[in-house]
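> Take any residue in the sequence shown, note its place counting from 1, add 2, and you have its number in this note's numbering. All C-beta atoms, glycine included, are put in the ideal place defined by N, C-alpha and C.
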Amino acid sequence: MSMPSGFVEIDVSTTFFPAAVLPGSNGMRPDMIIFTSDAVFFYCHKVVLKVLSPDGLGRMIPEGIFNPSQEMVSHSAYTPPPQQQLVTVHIAESSTVINVILHIIYNMSCLRFAPSIKIISEALTALDKYGIAIPPPNSDIWELVLRHAPGHPIQAYAIAAQHSLDKLCADISPYTCTVSLGNISEAEALTMGPIYLRRLFFLHLGRSSALKRVIEAPPLQHRPARNCSEAAQANVARAWALVVAETLVKPMLQNMRVAQLREAFAVTMQGVTCVSCVDRIRTRVAEMCDAWIAIKNTI
3 MSMPSGFVEI DVSTTFFPAA VLPGSNGMRP DMIIFTSDAV FFYCHKVVLK VLSPDGLGRM
63 IPEGIFNPSQ EMVSHSAYTP PPQQQLVTVH IAESSTVINV ILHIIYNMSC LRFAPSIKII
123 SEALTALDKY GIAIPPPNSD IWELVLRHAP GHPIQAYAIA AQHSLDKLCA DISPYTCTVS
183 LGNISEAEAL TMGPIYLRRL FFLHLGRSSA LKRVIEAPPL QHRPARNCSE AAQANVARAW
243 ALVVAETLVK PMLQNMRVAQ LREAFAVTMQ GVTCVSCVDR IRTRVAEMCD AWIAIKNTI
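(1) At a cut of 8 Å, does the stretch 139-153 reach the stretch 113-131 through at least three beta carbon pairs?
(2) Is the beta carbon of Ile36 closer than 8 Å to that of Ile106?
(3) Please confirm if the stretch 184-197 is in contact with the stretch 258-275, defined as three or more CB-CB distances below 8 Å between the two stretches.
(4) Among residues of its own chain, excluding the 5 on either side of Val280, which ones have a beta-carbon nearer than 7 Å to its beta-carbon?
(5) Just tell me which of Cys171, Gly184, Ala234, Met258 has its CA closest to the CA of Lys214.
(6) Bridge partners for Phe43 per DSSP, in chain order?
(7) Which term fits Met254, buried or exposed, when burial requires 16 or more other beta carbons within 10 angstroms of its beta carbon?
(8) Return the bridge partner residues of Ala227 from the DSSP annotation.
(9) For the beta strand (DSSP E) containing His92, list its first residue and its last residue.
(10) Tell me which residue opens and which closes the alpha helix (DSSP H) that Thr193 is part of.
(11) According to DSSP, simplified to helix, strand and coil, what is Glu289?
(12) Please identify the residue among Ala243, Arg200, Leu244, Cys230 whose C-alpha is closest to the C-alpha of Cys171.
(13) To the nearest angstrom, how far is the alpha carbon of Met34 from that of Phe43?
(14) Sorted by chain position, which residues of the same chain lie with C-beta nearer than 8 Å to Asp130's C-beta, five sequence neighbours on each side aside?
(15) Taking the C-alpha atoms as reference points, what is the distance between Phe203 and Thr98?
(16) Using beta-carbon positions only, say whether Pro20 and Tyr45 come within less than 8 Å of one another.
(17) What would DSSP say about Ile103, mapped onto helix, strand or coil?
(18) Taking Cβ positions, are Pro220 and Ala243 nearer each other than 8 Å?
(19) Can you check which of these residues, Ile174, Ile295, Ser111, Glu11, is closest to Ser390 by C-alpha distance?
(20) Look at the alpha carbon of His77 and the alpha carbon of Val53, and state the distance between them as a whole number of angstroms.
(21) Given a cut-off of 8 Å on the beta-carbon distance, is the pair Ala151 and Ala158 in contact?
(22) Just mark Phe115 as buried or exposed, buried being the case when its beta carbon has 16 or more other beta carbons within 10 Å.
(23) Which one of Leu250, Ile217, Ile283 has the shortest CA to CA distance from Trp294?
(24) Here's a check: name, in chain order, each residue in its chain whose Cβ is nearer than 6 Å to the Cβ of His224, leaving out the five neighbours to either side.
(25) Taking the alpha-carbon positions, what's the Gly29 to His47 distance?
(26) Could you tell me the distance, in whole angstroms, from the CA atom of Ser175 to the CA atom of Met290?
(27) For Thr127 versus Ile156, is the C-beta spacing smaller than 8 Å?
(28) Roughly how many angstroms separate the alpha carbons of Asp40 and Ser96, rounded to a whole number?
(29) The alpha helix (DSSP H) with Phe267 in it runs from where to where?
(30) Here's the rule I'm using: 16 or more other beta-carbon atoms within 10 Å means buried, otherwise exposed. How should Val238 be labelled?
Right, dumping it as structure tokens:
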């Protein structure tokens, strides 16, 4: 259906639309429009921005503000009264970024939108740009960051570290063990800062060193018997030492799985006919796996 003459069709946020009743607005209608880089309109309240950050509003309204010269019809069912002139500002950020920002400002959950880690990072950067306080640790924006940790561990850790969120960094840090420290970019290292980067290195290097301590001791020997001489038991020890050497040259030691250890050291039982030796190997493997599980995997 064509629009009536003199009207312009626009894209409006499904949450921040003209008739929306938003938290903290005391039932007031929006008196400000944010126009994003991808041409989406967000209706909001100057007073809400002022309460959150007194100097933020000034930065949110740069030079060149304008009022629409034509009456506008949104995709929502509400059309602002003609006499109502709303301040409209152009924002460099996209609608997905502004959507996250406004949900933070109005203390609303944006979990259902599941923004990407990139969008979250851009939104947090924009908050600082506009002089708006970073959300507190209990805000669901940080839960979103944690949800991205399995797929984007370094990026998630860097965001948490940038804002000195110790608990969030600790919660994310086990996921970083799936990534080589050599893959951390210079930008990510700078974002983390020296303190949290150092903690991450200590975690990875500490786990790698701990693995060596956990696996190097061979199974206990028993007294020589008719069917198992000292030489036969020495062969078991040599086989164990060989598996240790092969294990320690593998990449990503900090992320070694218990199943990998069991599989690797199972070969030391091949060709062993002595029941006592087999029992000692199994006991040693079980002890080794338990010890590795107990090694700390957080910063």
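So, from the listed chains and residues:
(1) yes
(2) no
(3) no
(4) Met271, Val274
(5) Met258
(6) Val14, Phe37
(7) exposed
(8) Cys230
(9) 89-92
(10) 188-217
(11) helix
(12) Arg200
(13) 10 Å
(14) Ile136
(15) 34 Å
(16) yes
(17) helix
(18) yes
(19) The requested residue 390 does not occur in the structure, where the chain is confined to residues 3 to 301.
(20) Model confidence at His77 stands at a pLDDT of 37, short of 50, so the residue's coordinates are unreliable; what they give is reported in the following sentence. Taking the straight line from one Cα to the other gives about 29 Å.
(21) yes
(22) exposed
(23) Ile217
(24) Ser278
(25) 11 Å
(26) 23 Å
(27) no
(28) 6 Å
(29) 260-268
(30) buried
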